[in-house]
């Protein structure tokens, strides 16, 4: 996993992201991947569902999967994961949709969510999640699929599924311990509490734009060399995570079918 914040040569800062959000919020598209207008090889995956705080509903997930299929054919060097909604990265699964699902539909949704997130984690280019707002449940799990997480001052991470009578089902129980260790991961998952940007930096789950930057090398690297190096670094790890994610789905579906999860979702 790469261990460096986004460098200034990407032209990324919170003010520019705010301008980008204002433009993107005019679009009805809920999830898309577009090339950076100025930096060749740099692409941005944007979530844009303001009325539901970027919650992961059927339409958003369908558009995300379609965008990923198209992105696989691009000559990319880096993918940014960003939100067009002020104050929110991603609020997780759409609980209104999930509460209305049958057990079979709920199980299929969790499997689809896991497969989509695994596809992001398995991309052959470095990925960077830019979080400046709430990343709740599936939102934190989405950020965990990235190689880097850049946390703005308003970033807040949480895996609150246990409060809803379910468990994280999109890889959070596997990717978080590999990033920050088992003890701190247990605390976050068992309590469901929020972790702000400062704590995320302290425990090693994120970098911040204010942190001292190192010289950017991603965009200077030859695409083929970067791809080969990246593949050798993460392929074995992603395969191990995928195997454990498949096992965790069984547990997640079991809890989804219990009465306690319906009570928890209806109370949200």
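In the working numbering, the protein residues as written are 511 to 778.
Cβ atoms here follow ideal geometry from the backbone N, Cα and C, with glycine treated the same way.
Fair warning: this is a prediction, and the values are worked out from it, not measured in the lab.
C-alpha of residue 671 to C-alpha of residue 617: approximately 15 Å in a straight line. Taking the C-beta atoms as reference points, residue 668 is found nearer than 9 Å to residue 645. Remark: fewer than three beta-carbon pairs, one from each stretch, lie closer than 8 Å, so the region 576-591 and the region 605-622 are not flagged as touching. Within the region 612-645, the complete alpha helix (DSSP H) segments of 4 residues or longer fall at 613-631, listed in chain order. For residue 688 and residue 574, the gap between their C-alpha atoms comes out near 25 Å. Under the DSSP definition of a beta bridge, residue 660 partners with 640 and 717. Residue range 588-593 is occupied by the beta strand (DSSP E) that includes residue 593. The beta-carbon distance between residue 661 and residue 635, rounded to whole angstroms, is 21 Å. This is too long to meet the 8 Å contact definition. Distance between residue 557 and residue 542, taken at the CA atoms: about 7 Å. Residue 607: member of the alpha helix (DSSP H) spanning 605-609, first to last residue.
Collapsing the DSSP output to three states places residue 538 in coil.
The C-beta distance from residue 665 to residue 591 rounds to 13 Å, too long to fall under 8 Å, and the pair is not in contact.
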